[in-house]
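Undergrad:
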């Protein structure tokens, strides 16, 4: 065996021998530290980290939304508090409203907080609010009269969002409004076709 190779092997084995107890100690210390953090503390840390990412437009945002979906109803209070603290930041408000909508029926307690955004001056927040309320479903029934007003908007996307929201809410009140709206749209289409043929 050549002397350089022998020295390398000796140095390597000495290095491993000295390093192993340090690594073992660190691992046992880390293991103890990990066990000392409760599930509630871990959940709270996850919530706080996810709240920071709600004003982003990237994969971090989607990860944050996913984390809140996993929490379900437990996510409502932190999200609502975050919305109240950041109500001047439209990007954050939009992210929170979107996330509350993604909770579906589990976001029902947030309906009164989302409703005022239906009439917000910001177009994107109005759309986000109607969409979120639709995804929450039947618990959004109190918002139906407000959403109904947007069926007469000249902007087609706003009308479509309002219709989809009402269909998703699915209460008898919402269904009746959608039925009348669709009848009216058919009559208007027929009238336009008649005018074009004359």
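Residue numbers (my numbering): 6 to 203.
Ideal Cβ placement from N, Cα and C applies to all residues, glycine included.
(1) Per DSSP, what kind of secondary structure is residue 124 in: helix, strand or coil?
(2) Assign residue 77 to buried or exposed, taking buried as 16 or more other Cβ atoms, counted over all protein chains shown, within 10 Å of its Cβ.
(3) How should residue 193 be labelled, buried or exposed, when 16 other C-beta atoms within 10 angstroms of its C-beta is the threshold for buried?
(4) Mind checking residue 131: buried by the 16 CB within 10 Å criterion, or exposed?
(5) Identify every run of the beta strand (DSSP E) within the stretch 64-120, keeping only runs that are complete inside it and at least 3 residues long; order them along the chain.
(6) In this structure, how does DSSP classify residue 163 when only helix, strand and coil are distinguished?
(7) Quick check on the burial criterion: 16 or more other C-beta atoms within 10 angstroms. Buried or exposed for residue 191?
(8) If I follow the unbroken alpha helix (DSSP H) through residue 202, where does it start and stop?
(9) If we ignore side chains and look at the alpha-carbon of each, how far apart do residue 3 and residue 203 end up?
(10) So, at 7 Å on beta carbons, what are the nonlocal neighbours of residue 60 in its own chain, with the 5 sequence-adjacent residues on each side left out?
(11) Just to confirm the assignment, what range does the alpha helix (DSSP H) spanning residue 55 have?
(12) Tell me which residues share the same chain as residue 112 and place their Cβ nearer than 7 Å to its Cβ, disregarding the 5 neighbours each side in the sequence.
(13) Run the CB neighbour count on residue 181, radius 10 Å, all protein chains shown included, and call it buried at 16 or more, exposed below.
(14) Less than 8 Å between the beta carbons of residue 136 and residue 170, yes or no?
(15) Quick check on DSSP: helix, strand or coil for residue 142?
(16) Using C-beta distances below 7 Å, list every residue in its chain close to residue 56, excluding the 5 sequence neighbours before and after it, in chain order.
(17) Do residue 147 and residue 116 count as a contact pair if the criterion is CB distance below 8 Å?
(18) With a CB to CB cut of under 6 Å and the five nearest residues on each side skipped, what residues in its chain are close to residue 121?
TA: Once the coordinates are examined:
(1) Translated into positions along the chain shown, residue 124 becomes position 119. Residue 124 falls in the helix class under three-state DSSP.
(2) Position 72 of the chain shown, counted from the first residue, corresponds to residue 77. The residue in question, residue 77, is exposed, as its Cβ has fewer than 16 Cβ neighbours within 10 Å.
(3) Taking the first residue of the chain shown as position 1, residue 193 is located at position 188. By the 10 Å Cβ count, residue 193 comes out exposed.
(4) Taking the chain shown and counting its residues from 1, the one referred to as residue 131 is at position 126. By the neighbour-count rule (16 or more Cβ atoms within 10 Å), residue 131 is buried.
(5) none
(6) As a first step, residue 163 must be located in the chain shown, where it is residue number 158. Residue 163: helix per DSSP, three-state reduction.
(7) Here residue 191 is taken as the residue at index 186 of the chain shown, counted from 1. Residue 191 should be labelled exposed.
(8) Working through the chain shown from its first residue, we reach residue 202 at position 197. Segment 177-202, the alpha helix (DSSP H) holding residue 202.
(9) No statement about residue 3 is possible, as the shown extent of the chain runs from 6 to 203 and does not include it.
(10) Working through the chain shown from its first residue, we reach residue 60 at position 55. Result list for residue 60: 94, 96, 97 and 100, in chain order.
(11) Looking up residue 55 in the chain shown gives position 50. Where residue 55 is concerned, the enclosing alpha helix (DSSP H) stretches over 44-57.
(12) As a first step, residue 112 must be located in the chain shown, where it is residue number 107. The answer, listed in chain order, is 81, 105, 106 and 141.
(13) By one-based count along the chain shown, residue 181 stands at place 176. Exposed.
(14) For the purposes of this step, residue 136 is taken as residue 131 along the chain shown, with counting starting at 1. For the purposes of this step, residue 170 is taken as residue 165 along the chain shown, with counting starting at 1. Closer than 8 Å, so yes.
(15) If you number the chain shown from 1, residue 142 lands on position 137. In this structure, residue 142 counts as coil in the three-state DSSP scheme.
(16) Residue numbering aside, residue 56 sits at position 51 when the chain shown is read from its first letter. The residues are 83 and 87.
(17) Within the chain shown, the letter at position 111 stands for residue 116. Within the chain shown, the letter at position 142 stands for residue 147. Yes, they are a contact pair.
(18) Position 116 of the chain shown, counting from 1, holds the residue named residue 121. Around residue 121: no qualifying Cβ.
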